Amino acid sequence: MDVCAASIEVSPFNGYKLLFKAIGMIPVSHYVLGSLCILIVFLYNFLEFHFLEDFLYGGSPVKLTYHSGSELYQAVVSKCRLLHGRYSSTPWLASPHLQTVLLEYIGSPPAFTYTREIFHSSEGGTFALDWLRSSDLTGSSEDTNTANLKNDSTPIVVVVPGLTSDSSAAYVKSVSYNTAKCGKNVVVCNHRGMGGVPFTSSYCYNAGKTKDVRDVVNYLVNKYPMAPVFLVGTSIGANIVGKYLGEEGANCPVAGAAVICAPWDLLIGARFLRRKLVQRVYDSVLCIGLKGYARLHESHFTKHANWEGIMQVDIFPAT
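One point on numbering: in UniProt numbering, the residue at position 207 of the sequence shown is 207, and numbering is uninterrupted.
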């Protein structure tokens, strides 16, 4: 039997023609669906969602560091089942970035008015103490008699805000309001230059300056000797509170303290802000806030710092 073989010349052009013809036969809805899936995967990783991991593994275990023989452990940790369980966030907020947006931009903070007290430190510095007493929420009148203040045993909670934040920040108002609702008197210790109070000394605040918190605690302990004083620090305010507690040691006059979201190591924190693209957004936002803080007090910083250098900074230094 004769076999006739015919060779067919196939050019690259014909191959591309067939490829585009096949692509054209795919419904547009499939392309839309595929693009949507790619977008979802991208956003899931970009925004660091973790609800699938929470669903599959039942959340992440709560990691605690504590001294097993401490009185606090025996009184609280050992009896609180929540601290020995697993953490699962709300599914539609299973992203640290969405939680940040929700806290800052979504919803309205509690409506109330602080009572302001201007504090003058020993070296000439000035900053604001904004009070929210439990009586402000209950509607009862405050007794300002000096003798009665000496005998007032209502606990006082001092709140130290985070970077570029003051008593007007939404999260600070929420902490203050809910603490006052529990029957505590709250005083927000605003940083120098914040809350509309001008500089009257040569330096501003930073994560290592504990003098203002120390002065305020001593002032409150002396003015309200019967009232236990507690400290709550958030972000850079948590660093300040933690450093103050370490410096005071066993002689610390406060009855208790909480440090929330402390950066701890500022150098590592600054480097972390450049780890991924989404972190660089925070880096830029924080720098914009700090430069805005500097512009509010331009006359101060032009005297005590390199103004041109401040305005040229776009990111946190990580060296």
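Every residue gets a Cβ at the ideal spot worked out from N, C-alpha and C, and that includes glycine.
What you are looking at is a predicted structure, and each value in this text was computed from that prediction instead of being measured.
**Request:** Any chance you could list the alpha helix (DSSP H) runs of at least 4 consecutive residues sitting entirely within the region 113–197, in chain order?
**Result:** 134–138, 146–151, 170–181
**Three-state secondary structure assigned by DSSP to Asn210** = Looking at the sequence provided, one finds Thr at residue 210 rather than Asn. The answer is coil: DSSP assigns Thr210 none of H, G, I, E or B.
**Message:** If I measure Cβ to Cβ from Phe46 and keep anything under 7 angstroms in the same chain, skipping five residues before and after, which residues do I get?
**Reply:** Val278
**Asked** If you compare alpha carbons, which of Ala257, Ile240, Tyr293, Gly183 is closest to Asp265?
**Response** Ile240
**Request:** Could you check if Pro314 is buried or exposed, using at least 16 other CB atoms within 10 Å of its CB as the buried criterion?
**Result:** Sequence inspection shows Asp at residue 314; the Pro mentioned does not correspond to that position. Label assigned to Asp314: exposed.
**Prompt:** Can you tell me whether Phe230 is buried or exposed, with buried defined as 16 or more other CB within 10 angstroms of its CB?
**Reply:** buried
**Message:** Relative to the C-alpha of Leu52, which candidate in Leu103, Thr90, Gly193 has its C-alpha closest?
**Reply:** Thr90
**Request:** Give the range of the beta strand (DSSP E) segment to which Trp256 is assigned.
**Result:** It should be pointed out that residue 256 corresponds to Gly in this sequence rather than to Trp. Where Gly256 is concerned, the enclosing beta strand (DSSP E) stretches over 256–260.
**Prompt:** Which of helix, strand or coil does DSSP assign to Val241?
**Reply:** helix
**Asked** How would you label Val3, buried or exposed, when you count the other beta carbons within 10 angstroms and need 16 or more for buried?
**Response** Residue confidence for Val3 is low, a pLDDT of 49 falling below 50, so the modelled location carries little weight; the figure read from the coordinates is stated next. Its Cβ having fewer than 16 others within 10 Å, Val3 is exposed.
**Item:** Residue range of the unbroken beta strand (DSSP E) whose run includes Phe42
**Value:** Where Phe42 is concerned, there is no enclosing beta strand (DSSP E), although the alpha helix (DSSP H) it sits in stretches over 28–46.
**Request:** Starting from the C-beta of Glu117, find all residues in its chain whose C-beta is less than 6 angstroms away, skip the five residues before and the five after it, and write them out in chain order.
**Result:** Leu129
**Message:** If I follow the unbroken beta strand (DSSP E) through Phe199, where does it start and stop?
**Reply:** From DSSP, Phe199 is part of no beta strand (DSSP E); its letter is neither H nor E.
**Asked** Among all the DSSP beta bridges, which residues are the ones paired with Leu231?
**Response** Val158, Ala257
**Asked** For Arg86, which of helix, strand or coil comes out of DSSP?
**Response** strand
**Request:** Alpha carbon to alpha carbon, how far is Leu103 from Ile49? Give it in angstroms, no decimals.
**Result:** Correcting the residue identity first, residue 49 is Phe in this sequence and not Ile. Each residue's alpha carbon lies about 17 angstroms from the other.
**Item:** Extent of the continuous alpha helix (DSSP H) run through Cys287
**Value:** 277–296
**Own chain, CB closer than 8 angstroms to Ala5, minus 5 neighbours either side, in chain order** = Residue placement at Ala5 cannot be trusted, given a pLDDT of 49 that sits under 50; what the coordinates show is reported in the next sentence. None.
**Message:** According to DSSP, simplified to helix, strand and coil, what is Ser299?
**Reply:** helix
**Message:** Once the 5 residues before and after Phe199 are set aside, which same chain residues still bring their CB inside 6 angstroms of it?
**Reply:** Gly193, His297, His300
**Lys184, buried or exposed, once every other Cβ within 10 Å from all chains shown has been counted against 16** = buried
**Asked** Can you tell me whether Asn190 is buried or exposed, with buried defined as 16 or more other CB within 10 angstroms of its CB?
**Response** buried
**Message:** Assess contact between the region 31–40 and the region 65–80, defined as three or more Cβ pairs (one per stretch) separated by less than 8 angstroms. Is contact present?
**Reply:** no
**Prompt:** Going by other Cβ atoms of all chains shown within 10 Å of its Cβ, with 16 needed for buried, is Leu273 buried or exposed?
**Reply:** buried
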